[in-house]
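Each residue of the sequence shown is one higher than the last, beginning at 1 in the numbering used here.
Structure, as structure tokens:
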Amino acid sequence: MRSLVRFFAGRPVAVSMALLATIIAGARAAATLPLSRLPEIAVPRIVVEAAMPGLPAEELRSLVAAPLEDALSTAKGLSSSSSVCRDGRVAIALDFGWGEDPSRAASRVREILDAAYTSLPEGASKPIVLPYDPLATPLLVAAVSPREGDLSLARRLAEYEVKGRLRRVAGAGCVTLVGGSRREAAVAVDSRLAAARGMTVVDVARAIGSECVDVPVGSLREGDLELVAVARGRASSVRELSGILASAPSGSFRVSDIAKVVERDARRDSVFVADGEEAVAVELYRNPGADPVATARRARAALEELSAVLGDDVGLSVVWDSSIPVAASIRDLAVAASLGAAAAAFALLAVLGDLRLGLLVASSIPISVAATLASLSALGRSLNVMSLGGMGLAVGMISDNAVVMLDALASRLSAGSERPRPDAVAAAAGTAISGTFGSMATTAVVFVPVLFLPGAVGELFGDLAVAVIASNAFGWLCAVLALPAVYRVAWRRAEARPKRALEAGYRRALRFALRRPTLTLAAASIAAASGTALVLTRDASFMPKDAATELSVIADFQPGTDPGAMAGEAKRLSAALSALPFVSSAFGGAGSETDDYARRASLDYSIERLSLTCALRRGANAETVMPALLEAAKAATRGTAAITVSVPADPAASLLGLDRGTLLAVKGESTRDARERAGLLAAAIAEEAGEALSGVSFAPSGMKPRIVMTPDREACSVLGITLSEAALALRTATEGAVAARIELCGRDTDVRVFAEGMGGADVSALGASAVPVSVQAGIPIRASAIARFAMTLEPSSAARLDRADVVYLEAKPAPGRIKALEAAIDRALIEDPSASRSDGSAFRTYGDAMRSAVLLVLALLYLTLGAQFESLTLPFVIMATIPLSMAGAGPVMVLAGVGLDSGSVIGLVALFGLVVNNAILLYEAGATRRLAGLSTVAAAYGGASERLRPVLATTVTTVVALLPVCLFSSGAVQRSMSAAMLGGVVASTALTLFVSPIAFAAGIGSGKRA
1 MRSLVRFFAG RPVAVSMALL ATIIAGARAA ATLPLSRLPE IAVPRIVVEA
51 AMPGLPAEEL RSLVAAPLED ALSTAKGLSS SSSVCRDGRV AIALDFGWGE
101 DPSRAASRVR EILDAAYTSL PEGASKPIVL PYDPLATPLL VAAVSPREGD
151 LSLARRLAEY EVKGRLRRVA GAGCVTLVGG SRREAAVAVD SRLAAARGMT
201 VVDVARAIGS ECVDVPVGSL REGDLELVAV ARGRASSVRE LSGILASAPS
251 GSFRVSDIAK VVERDARRDS VFVADGEEAV AVELYRNPGA DPVATARRAR
301 AALEELSAVL GDDVGLSVVW DSSIPVAASI RDLAVAASLG AAAAAFALLA
351 VLGDLRLGLL VASSIPISVA ATLASLSALG RSLNVMSLGG MGLAVGMISD
401 NAVVMLDALA SRLSAGSERP RPDAVAAAAG TAISGTFGSM ATTAVVFVPV
451 LFLPGAVGEL FGDLAVAVIA SNAFGWLCAV LALPAVYRVA WRRAEARPKR
501 ALEAGYRRAL RFALRRPTLT LAAASIAAAS GTALVLTRDA SFMPKDAATE
551 LSVIADFQPG TDPGAMAGEA KRLSAALSAL PFVSSAFGGA GSETDDYARR
601 ASLDYSIERL SLTCALRRGA NAETVMPALL EAAKAATRGT AAITVSVPAD
651 PAASLLGLDR GTLLAVKGES TRDARERAGL LAAAIAEEAG EALSGVSFAP
701 SGMKPRIVMT PDREACSVLG ITLSEAALAL RTATEGAVAA RIELCGRDTD
751 VRVFAEGMGG ADVSALGASA VPVSVQAGIP IRASAIARFA MTLEPSSAAR
801 LDRADVVYLE AKPAPGRIKA LEAAIDRALI EDPSASRSDG SAFRTYGDAM
851 RSAVLLVLAL LYLTLGAQFE SLTLPFVIMA TIPLSMAGAG PVMVLAGVGL
901 DSGSVIGLVA LFGLVVNNAI LLYEAGATRR LAGLSTVAAA YGGASERLRP
951 VLATTVTTVV ALLPVCLFSS GAVQRSMSAA MLGGVVASTA LTLFVSPIAF
1001 AAGIGSGKRA
């Protein structure tokens, strides 16, 4: 290694060029690296959606969901499956083992579905395979608002102008619409007049469909020309449609003779409101890997251009841009890291007391950061809160090795009479290479196990580990190879530094500690134990909560309420919420369009649920304003909906499946059996938990009114009417059937045929029973002649888990009683084998892996230190400083309000590699004196005194670099890590400066080399 240092020290110009190239590469990487809030993670989950319109959830469960689940259970790599059946649709979620390629898994699922589709009942649509992304939220939401209330015009412009323009934006993924209305040609058939002609509504629809159509006739030849012939029968207007002459059993008829034909708004599948006004939302999703900030910027520019083209016809505005908080969080973190780097540079100048040396050490920070950015770009990573947080945490560590190296160079070369030669520089640098490599290696090995954590945890924190490892590695290379060459150029003769008050005071305190080792060790042990106790008593959660800038308001209306019926309530609720002084905007919607598969892929989706997002004004505290928001929402809805106000789930929590509370799955032989078992379990938990339980909720829940038609088999047989024919007649008369399409205003428009007085209007059981299902000899046969009709209440949805019926039970803890509730649940589960946890608790899912990672870190530290110092016992002495860090970590976590979460745990683990560095420096200095013939006490005393200023310099730079991240960063994970590390570094340094010399003076764990 010394020969390599000599080589670089002799070529300062080449080193300068290399450093300049590194800065350029880093600047280019910073400009081109994609920005995102979290790393790109491919979740191995596939969602299958199948539809059978008109079929209730319970029947859909047995006729569609169960057969599909049985077929899909053979999919290779499948770990679990779950499904939710709602009226007309079923969504099946397939979870594969982590590491499985979602694209390949989707391909295998499609092959299975192709074979299983043939066994589904007639009328079931072919199942659709959808990728699942828990982080897939709209990048940008634009509202197309009608100037004169014409929602159909707004819908057409949104669908054919805005949607198409946004799809062409670079980085744009799918674009979906929410809200608005479509136009349709409504044919309201008079059932009596139709029956007089021997027809039901179904017959009328078929007759119109056979006439209102363009049919290819074939090709004709005229000389050398081949002419394509077509029979044009499609109407081009509502008036022309009403005049169509069609055939009937009793002769021909005009549509206008038996029906009224009008153009109207079609039944709405979704509704969208923004600040009290109804509009059409255009939701833009980004492509995986695309830069959200750049994509949103291009989309905004496209919308501005389009707004100028559309003029005053409609209003076009952006109501939500998720790239803004992403950019803000990354900007805050970058600013905090930059402040930390600047503070570290000034701290170096102050501690080293030499402007020239301080600038040399400080220069290693931007060079290492630039090299790290270039490596992130080369590895295909993004610039996110994790990678930026890793660099922010590493800023204080980068300069550690530079301080030690520069101290070694200055102490041996500054008093010379001429500029040092490369050999002398290499010899001086060689005295610090071993110690600096050990410091770098111990810090790096701490984060290596993070790269191998299983599942989403490893993927989530992988960028942070890569950034820390790369920053430290480049910082060490800069200190060992570049700094000696630059020092040789910047060298100047300096007088020996006089003894300072700092060193004198430390020597007095160290002599006191060496004379009273028992007292010193006892005090350090008490401090470490007290800090550890504080850490262990902190509230435990896997993900720390970010400061919320928005709140989610959920209004659950009565089961069976369609989005069109919610429009008035949605406008009223949105207006009331946006009028609050702490809310800047309130927008959202209900329902989904036919092609909006992503929205329905969520197992929490419900057509009766209105979801509003309330963007809070700057300075508003989410926890404080939640009660006022809830009160305003309840007043606006006037008891027509159940209101829930909550902080939106953290994206990382959603990714890890932690966006729910304590969720239990109760299986049963049927939906009713599972519901009964869930009720018994809830009672058992309430008995066990007592006051620790604030309430329970069940899912699926809610009953929905239905009209049940029970056929009279004998009457059906006598009249020759099958049940399927009767059902088709009823459905066509009440819901309507799309018989044809006509062109209105240049757009294809559905022609919907239905019975007059129905077709979207209120239909009671009595009204349904009066619908003619057949006409025989000119006499209409009403549905009441062949069936009985009754109104019943049935479950609005049904759920299954691993091919068994299930009901989910969520137990909600009382404030501060989560541990007591968890213990009560564990006791209740022992008595109920049909129930199991289904909350995806990360402490259960990943707890063993994280504990194993901690043990692996300790093992790697021991192996690294043992290999470096050729000793089996010395690593234990050096690693004994790790518990000392708890003396400061605990109090600082309490003062900062930080709990025991994934961020603070990783911060504490990072301390393992960081705090041993000081012990390594003290041992290296003492070992050198020991080899020179000094006694163990004198060597430990002299080595500690010599390394005091470098140790303090590294500690101060680390502390001041972490402080801005802890105080000003908007990332909760980074704040937790910084707080834990900050307190641990300060306490460990203060105690190590006395505890380690005592151990070394006693001759414990002496290594074979320095």
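Every residue, glycine too, gets a C-beta built ideally from N, C-alpha and C.
On a predicted model such as this, the values are computed, not experimentally measured, just so you know.
Between I92 and L68, is the Cβ-Cβ spacing less than 8 Å? Contact: yes.
Among D150, I112, A939 and A402, the one whose alpha carbon lies nearest that of R182: Ranking the options by Cα distance to R182, first place goes to D150.
On a CA-only basis, which of V202, D203, F512 and T561 is nearest K704? Give me that one, please. The shortest Cα separation from K704 among V202, D203, F512 and T561 belongs to T561.
Mind checking who Q776 pairs with in its DSSP beta bridge? In the DSSP assignment, the residues bridged to Q776 are I779.
Which residue or residues does DSSP assign as beta-bridge partners of Y808? Answer is A665 and A699.
Proximal residues to R488 (C-beta, below 8 Å), its chain only, five neighbours per side dropped: A9, P12, R419, P420, P422 and V425, listed in sequence order.
Take T989 and list the residues in its own chain whose beta-carbon comes closer than 8 Å to its own, dropping the five residues that flank it on each side. For T989, where only same-chain residues beyond five positions count, the Cβ hits under 8 Å are V915, N918, V951, L952 and T955.
Run through DSSP, which three-state label would Y487 get? Looking at Y487 - three-state DSSP - the assignment turns out to be helix.
Mark F452 as exposed unless 16 or more other C-beta atoms lie within 10 angstroms of its C-beta, in which case mark it buried. Exposed, by the Cβ-count rule.
Where DSSP assigns a beta bridge to D265, which residues make up the other side? Looking at the DSSP output, D265 shares a beta bridge with R183.
Going by beta carbon distance, what residues of the same chain come within less than 7 Å of A428, once the five residues before and after it are set aside? The residues are A408, L409, R412 and L413.
How many whole angstroms separate the CB atoms of P39 and G462, which I take to be in contact at a CB cut-off of 8 Å? A Cβ-Cβ separation of about 7 Å places P39 in contact with G462 under the 8 Å criterion.
Cβ of A158 within 8 Å of Cβ of G531? Not a contact, by the Cβ cut-off of 8 Å.
By a C-beta neighbour count over all protein chains shown, 10 Å radius and 16 as the cutoff for buried, is F1057 buried or exposed? With the chain covering 1 to 1010 only, the question about residue 1057 has no answer from this structure.
Would you kindly report the start and end of the unbroken alpha helix (DSSP H) that includes D114? From DSSP, the alpha helix (DSSP H) with D114 extends over P102 to A116.
Please report how far the alpha carbon of A642 lies from the alpha carbon of Q558, in whole angstroms. Roughly 9 Å between the two C-alpha positions.
As a quick exercise: from A925, S363, T958 and P964, pick the residue whose alpha carbon is nearest that of L948. Nearest option by C-alpha distance: A925.
Measure the CB-CB distance between E184 and D750 and report whether it falls below 8 Å. Going by C-beta atoms, E184 is nearer than 8 Å to D750.
For Y132, name the three-state secondary structure that DSSP assigns. In the structure shown, Y132 sits in coil (DSSP, three-state: anything other than H, G, I, E or B).
How many angstroms separate the CA atom of V909 from the CA atom of I920? Our two residues, V909 and I920, have alpha carbons roughly 18 Å apart in a direct line.
My output table needs one value for A212: the three-state DSSP class, helix, strand or coil. In the sequence as presented, Ala is not what sits at residue 212; that position holds Cys. For C212, the three-state secondary structure derived from DSSP is coil.
Give the single residue among V645, L809, R618 and R788 whose Cα lies nearest to the Cα of A686. Measuring from the Cα of A686, the nearest candidate turns out to be L809.
Return the residue from the list A567, R788 and A804 that minimises the CA-CA distance to A675. According to the sequence as given, residue 675 is Arg; it is not Ala. Ranking A567, R788 and A804 by Cα distance to R675 puts A804 first.
Do you know how far the Cα of P484 is from the Cα of F1000? C-alpha separation (whole angstroms): 30 Å.
For V204 and I244, believed in contact at Cβ under 8 Å, the rounded distance: 11 Å between Cβ atoms; not a contact.
Give me the Cα-Cα distance between S322 and A342, rounded to the nearest whole angstrom. If you draw a straight line from the Cα of S322 to the Cα of A342, it comes to about 30 Å.
Could you check how far apart the C-beta atoms of A294 and G171 are, in whole angstroms? I think they sit under 8 Å. The Cβ separation is near 7 Å, so the contact holds.
Which residues in the same chain as L316 place their Cβ atom closer than 8 Å to its Cβ, once the five residues preceding and following it in sequence are excluded? Counting only residues of its own chain and dropping the five nearest sequence neighbours on each side, L316 has a CB closer than 8 Å to the CB of A142, A143, V144, S145, V162, L303, L306, S307 and L310.
Assuming the contact rule is C-beta atoms closer than 8 Å, K812 and S694 should be a hit. Round their C-beta distance to whole Å, please. Between S694 and K812 the Cβ distance is about 5 Å, and since that is below 8 Å, they are a contact.
Does DSSP put D556 in a helix, in a strand, or in coil? If DSSP states are grouped into helix, strand and coil, D556 belongs with the strands.
Measure the C-alpha to C-alpha separation of P517 and A961 and round it to an integer number of angstroms. Rounded to whole angstroms, the separation of the alpha carbons of A961 and P517 is 33 Å.
Which word fits D70, buried or exposed, when buried means at least 16 other C-beta atoms lie within 10 angstroms of its C-beta? Per the 10 Å Cβ criterion, exposed.
On the CB-based measure, 16 or more other CB atoms within 10 Å of its CB, does Y132 come out buried or exposed? With 16 or more neighbouring CB atoms inside 10 Å of its own CB, Y132 falls in the buried class.
In terms of alpha-carbon separation, which member of G455, S611 and L521 lies closest to G99? Per the Cα distances, G455.
CA-to-CA distance, F272 to F253, given in whole angstroms: In this structure, the straight-line span from the alpha carbon of F253 to that of F272 is close to 42 Å.
Given this structure, state the Cα-to-Cα distance separating T957 from R975, to the nearest angstrom. Rounded to whole angstroms, T957 to R975 spans 18 Å at the Cα level.
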